[in-house]
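Everything on this sheet refers to the single structure shown next.
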Amino acid sequence: MTDDLKGFEKRSWIVTGYLATYTGSMAIWTKVSDIIGRKHTTIASLVILLAFSIGCGCAHTINQLIILRALQGIGGAGAYALALLCIYEIAPKTKLPTYSGLMSFCLALASLIGPIIGGAFAQVSAWRWAFLINAPLCGIAIIVIFIAMPTNFGLDQHTPSFRTRASYHSFANLDLVGSVLLMAGSFLIVAVLNETNLAFSWSSGGAIALLVLTGVSWIAFFAWEWYISGIPGKDPIFPKRWLFDRPWMGILISSFVIGVPFNVVIVYVPQQAEILLDKSPLDSGIYLIGYSAVAAFAAAIVNVASSRGRIPFVYTLLVGCVVHTVGMGLLSTITTSQGFHATDIVYEAIAGAGMGVIMGVLVLSTPYVVEDRDLAIATGAVVQFRFLGGAIGLAIASNILNGRLAHHLHDVLTSHELHLFLENVKSIEHLSPHLQEQVKDIFAGSYSTQMRVMIGFAAAQILAIFLIIKRGRQLAAGKTHPGISSG
Numbered sequence: 029m030t031d032d033l034k035g036f037e038k039r040s041w042i043v044t045g046y047l048a049t050y051t052g053s054m055a056i057w058t059k060v061s062d063i064i065g066r067k068h069t070t071i072a073s074l075v076i077l078l079a080f081s082i083g084c085g086c087a088h089t090i091n092q093l094i095i096l097r098a099l100q101g102i103g104g105a106g107a108y109a110l111a112l113l114c115i116y117e118i119a120p121k122t123k124l125p126t127y128s129g130l131m132s133f134c135l136a137l138a139s140l141i142g143p144i145i146g147g148a149f150a151q152v153s154a155w156r157w158a159f160l161i162n163a164p165l166c167g168i169a170i171i172v173i174f175i176a177m178p179t180n181f182g183l184d185q186h187t188p189s190f191r192t193r194a195s196y197h198s199f200a201n202l203d204l205v206g207s208v209l210l211m212a213g214s215f216l217i218v219a220v221l222n223e224t225n226l227a228f229s230w231s232s233g234g235a236i237a238l239l240v241l242t243g244v245s246w247i248a249f250f251a252w253e254w255y256i257s258g259i260p261g262k263d264p265i266f267p268k269r270w271l272f273d274r275p276w277m278g279i280l281i282s283s284f285v286i287g288v289p290f291n292v293v294i295v296y297v298p299q300q301a302e303i304l305l306d307k308s309p310l311d312s313g314i315y316l317i318g319y320s321a322v323a324a325f326a327a328a329i330v331n332v333a334s335s336r337g338r339i340p341f342v343y344t345l346l347v348g349c350v351v352h353t354v355g356m357g358l359l360s361t362i363t364t365s366q367g368f369h370a371t372d373i374v375y376e377a378i379a380g381a382g383m384g385v386i387m388g389v390l391v392l393s394t395p396y397v398v399e400d401r402d403l404a405i406a407t408g409a410v411v412q413f414r415f416l417g418g419a420i421g422l423a424i425a426s427n428i429l430n431g432r433l434a435h436h437l438h439d440v441l442t443s444h445e446l447h448l449f450l451e452n453v454k455s456i457e458h459l460s461p462h463l464q465e466q467v468k469d470i471f472a473g474s475y476s477t478q479m480r481v482m483i484g485f486a487a488a489q490i491l492a493i494f495l496i497i498k499r500g501r502q503l504a505a506g507k508t509h510p511g512i513s514s515g
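First residue of the sequence shown: 29, per the working numbering; consecutive thereafter.
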């Protein structure tokens, strides 16, 4: 894809641009659905996703693709969050672990199938269909939802007419300022990590300006959320009361830090196989099977086990985090230019098992931890934090790779060769065998450093889990947060 559009150096923006808008708009979608209903909102999000998926498939430059991907993320955020919210509302609490397990399995399975399908398209120079395939899928989903979902699903029985609900007064209570500040903060921190070591150095005026703007945006976001939480009738996307709910803050922090290594593995393990081992895009996607397949089954199994055994969430999360941290440590040992081995699949499976357990529990625990009035906004928030972590994680990984390439490739390649390489990584094939080996060693060192950094984020999950521990009875499926009805 980036080779075809001549923009390998901007590769990370294709994913992080999507994740930044995804993060900033998710909470708004769930709040809008409280006003006009789940049906209208879900269809609207799918229409946006469909339209900009087609746009991505028709992009002719790397900049066009990045912009359209960012707009696509707005629709994707609504489709994801509202699907999860609808499951919470459809399923009774006694059946929620089963439904949550199915949802977690589907999400993990999509992470497995996505790179393989995308790789298959890319292998036959049809990468545009990785986006265009969303059109018929979204179309089918829109038709099914239009026919099967009740118009007032998710609304109170005595809810007024659609015209009354969709009035200016209703939408005026939405926290649009908070969403814009969150999106700005996400974009800025991603920008400084993506562009530093590529467009400018850390000590340059551009980097310092972006860092200052990033800090201002995040301070303004939390200050605004604190202020708006005290205004009656307003719907903040991050209510002030959440800061004093220790178990819920533990869930959100866990969701954030798990998103960092998850997206890095999904994106960079296939890239590593393609660049270092000269594998095809399809074969590169297959290298993720050990990670994603085990994650899918682990997510489903842990939900069922949590329900039947009434195992407290905190204990299951702790086991998952320890396994995931060990797995990431093992993954950091396989990022070499010497190829993959059978044991590497085992390492991927260990990391995937930990990831699946954590993702499954985080999806399951939300309705048991938050108050009923916060379920819609909390559903968006827990996913929002994970994808914010994913965007920042990819930006960190990109910064590490760009930094090492910028520092070491200048000593290996001429200016012309470097320019061609940053436009099209496949230009490495035109180098001499000796130069190819040197370039691959630089890439291998970069990937190894990326995974070692991810170990730190994986370990940070363990610290976040201690926030979830309560005095007395721990939270588990079928047990609720103090003051929360069991549904």
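All C-beta atoms in this analysis are idealised placements derived from N, C-alpha and C, irrespective of residue type, glycine included.
Three-way DSSP call (helix, strand, coil) for Asp62 in this model: helix
Proximal residues to Ile512 (C-beta, below 6 Å), its chain only, five neighbours per side dropped: Annotation note: pLDDT 33 at Ile512 (below 50); position unreliable, coordinate value reported separately. Result list for Ile512: Glu399, in chain order.
Segment contact flag, the segment 247 to 260 with the segment 77 to 92, C-beta cutoff 8 Å, min 3 pairs: no
Neighbourhood of Pro264 by C-beta, 7 Å cutoff - its chain only, sequence neighbours within 5 removed: Asp203, Gly206, Glu253, Ile256 and Ser257
Residues bridged to Leu202 (per DSSP): Asp263
Chain B within 7 Å of Pro143, Cβ atoms only: As a matter of chain content, chain B is missing from the structure shown, which is built from one protein chain.
Proximity to Ile94 [Cα-Cα], best of Lys38, Thr69 and Val75: Lys38
Reference Gly129, options Tyr475, His438, Ile339 and Val330, closest by Cα: Val330
Stretch-stretch touch, CB-based, cutoff 8 Å, three pairs: the segment 285 to 304 with the segment 467 to 481: yes
Contact check, Ala109 vs Met54, beta carbons under 7 Å: yes
Distance, Ala492 Cα to Thr69 Cα: 33 Å
Those residues which DSSP pairs with Thr224 across a bridge: Phe228
Residue environment, Leu165, which counts as buried when at least 16 other CB atoms sit within 10 Å: exposed
Backbone CA spacing between Lys34 and Gly357 [nearest angstrom]: 34 Å
Contact between the segment 280 to 293 and the segment 404 to 420 (3+ Cβ pairs under 8 Å): yes
Residue environment, Val240, which counts as buried when at least 16 other CB atoms sit within 10 Å: exposed
Same chain only: Cβ atoms within 6 Å of Gly234, ignoring 5 sequence neighbours per side: Phe228
N-terminal and C-terminal residue of the alpha helix (DSSP H) that Cys532 is part of: Outside the shown range of the chain, which is 29 to 515, sits residue 532, and nothing can be said about it.
Exposure label - His447; buried when at least 16 CB within 10 Å: exposed
Inter-residue spacing [alpha-carbon to alpha-carbon] between Thr361 and Ala323: 20 Å
Proximity to Asn201 [Cα-Cα], best of Gly243, Pro260, Leu359 and Ile144: Pro260
Selection from Thr122, Cys114, Val218 and Ala138 that minimises the alpha carbon distance to Ala176: Cys114
Nearest-angstrom beta carbon gap, Val218 and Ile420 [assumed within contact, 8 Å]: 7 Å
Local Cβ density within 10 Å of Trp230, reported as buried at 16 or more and exposed below that: exposed
Between the CA atoms of Ala111 and Thr344 - distance to the nearest angstrom: 25 Å
Ser139 vs Ser426 beta-carbon contact at 7 Å: no
Cβ pair Asn222, Ala423 closer than 7 Å: yes
Element boundaries [alpha helix (DSSP H), containing Glu253]: Gly233 to Ile256
Cys86 - DSSP class collapsed to helix/strand/coil: coil
Three-state secondary structure (DSSP) of Lys454: helix
Cβ neighbours of Leu210 in the same chain (closer than 6 Å, five flanking residues each side left out): Gly52 and Phe249
Straight-line gap, Thr477 to Ala119 (C-alpha atoms, nearest Å): 43 Å
Pro340 versus Phe181 - alpha carbon distance: 31 Å
Between the CA atoms of Val292 and Leu316 - distance to the nearest angstrom: 12 Å
Integer Cβ distance of Ala404 from Ser61, believed to fall under 8 Å: 7 Å
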